[in-house]
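Residue numbers (my numbering): 39 to 276. Yeah, the Cβ is synthetic: ideal placement off N, Cα and C, and Gly gets one too. Predicted, not measured: the structure shown is a model, and the values here were computed from it. Reading through the structure tokens given below for one structure.
Written out as structure tokens, the structure reads:
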């Protein structure tokens, strides 16, 4: 997508979802794109529970995206409730839908193979918290939006497929969010998010991460992700 990196106000790459990264500098503009109110949590409580309980592995690559979109819609309808509550509800869905370890490795690039295990663990934990926080922050209000997923997928190369999805807005053009999926032992998972069908979240993160790794190594990257997470969550996650 983390990431992904999962994710940025309105582009779902902020997942990387990506405050502090190149896309994050346009967060206020993207806020409108994802224009995603506390009583809503009660109304959304049942959908949250259904989404979290549904952990069945499906052979269809579109199924995880349908599941993800349902969870994001519930998060939007629960906007205005405490950030931590929405984080705890959305995190299991994101961690199941996205292969966050692969997304992080691809975002770091060749340097990933040289990182010590302890540093990989710390960086992975920071990346997961950042990715989830980005989605919770981005999908935080509901104004009649809906999601559409195309039943047809296209090849993404190397056994991957691309699932086409749109965030349909009531008073604006739809936002195209395509998901690159690969199939592992746990079923189909997201390994990249393509904004408007072509802007790779992983590629953008790789560019941003490269600068941090060059200037301060893994500790600098992990510290930056933790700082962004604290800003996104108001200090409620970290």
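Inset, instruction - State the Cα-Cα distance for the pair residue 150 and residue 251, rounded to the nearest angstrom. - result: Roughly 11 Å separates the two Cα atoms.
Legend entry - Through-space distance from residue 248 to residue 161, alpha-carbon basis: Rounded to the nearest whole angstrom, the C-alpha separation of residue 161 and residue 248 is 14 Å.
Inset, instruction - Starting from the Cα of residue 108, find the closest Cα among 131, 179, 120 and give me that residue. - result: Of 131, 179, 120, the residue nearest in Cα terms is 131.
Legend entry - CB-CB length for residue 157 against residue 256, believed under 8 Å: Confirmed, Cβ separation roughly 5 Å.
Inset, instruction - For the segment 192 to 200 and the segment 160 to 180, state whether three or more C-beta atom pairs, one from each stretch, are separated by less than 8 Å. - result: Taking 8 Å as the limit for Cβ pairs, the verdict is that the segment 160 to 180 does not touch the segment 192 to 200.
Legend entry - Cα-Cα separation, residue 122 to residue 274: If I take the Cα positions, the gap works out to 6 Å.
Inset, instruction - Could you check the C-alpha separation between residue 214 and residue 234 for me, to the nearest Å? - result: C-alpha of residue 214 to C-alpha of residue 234: approximately 5 Å in a straight line.
Inset, instruction - Look at the Cβ atom of residue 135, then the Cβ atom of residue 99, and state whether they are nearer than 8 Å. - result: No. Outside cutoff.
Legend entry - For residue 141, the three-state DSSP class (helix, strand or coil): Secondary structure at residue 141: helix, using DSSP grouped into helix, strand and coil.
Legend entry - Limits of the alpha helix (DSSP H) - the one that residue 131 falls within: Note, residue 131: alpha helix (DSSP H), 121 to 135.
Inset, instruction - State the Cα-Cα distance for the pair residue 281 and residue 191, rounded to the nearest angstrom. - result: Outside the shown range of the chain (39 to 276) lies residue 281, about which nothing can therefore be said.
Inset, instruction - Could you tell me which residues DSSP pairs with residue 231 in its beta bridges? - result: Paired residues: 217.
Legend entry - Nearest to residue 137 (by Cα), restricted to the options 246, 205, 170, 237: Checking every option, the nearest Cα to that of residue 137 belongs to 170.
Legend entry - Simplified DSSP state of residue 103, which is helix, strand or coil: In the three-state reduction of the DSSP assignment, residue 103 falls in the helix class, which pools H, G and I.
Inset, instruction - Could you tell me which uninterrupted alpha helix (DSSP H) segments, each at least 4 residues in length, are contained entirely in the segment 142 to 185, listed from first to last along the chain? - result: For the alpha helix (DSSP H) assignment, the uninterrupted runs of no fewer than 4 residues enclosed by the segment 142 to 185 are, from N- to C-terminal side, 155 to 176.
Inset, instruction - For residue 198, write down the residues that DSSP places opposite it in a beta bridge. - result: DSSP, once it has assigned bridges, lists 195 as partnering residue 198.
Legend entry - Counterpart residues of residue 205 in DSSP-defined beta bridges: Residue pairing of residue 205 in beta bridges, as defined by DSSP: 185, 213.
Legend entry - Collapsed DSSP secondary structure at residue 238 in the structure displayed: It is a strand residue.
Legend entry - Residues bridged to residue 222 [DSSP beta-bridge criterion]: According to DSSP, which records beta bridges pairwise, residue 222 is partnered with 225.
Legend entry - Length of the line joining the Cα atoms of residue 228 and residue 125: Across the structure, residue 228 and residue 125 are spaced so that their CA atoms are roughly 19 Å apart.
Inset, instruction - Can you grab the Cα-Cα spacing for the pair residue 148 / residue 209, in whole Å? - result: Their backbone Cα atoms lie some 43 Å apart in a straight line.
Inset, instruction - Kindly indicate which three-state DSSP category residue 113 falls into: helix, strand or coil? - result: Reduced to three states, the DSSP call for residue 113 is helix.
Legend entry - Where residue 98 falls: helix, strand or coil (DSSP): DSSP, reduced to helix, strand and coil, places residue 98 outside both helices and strands of the structure shown, so it counts as coil.
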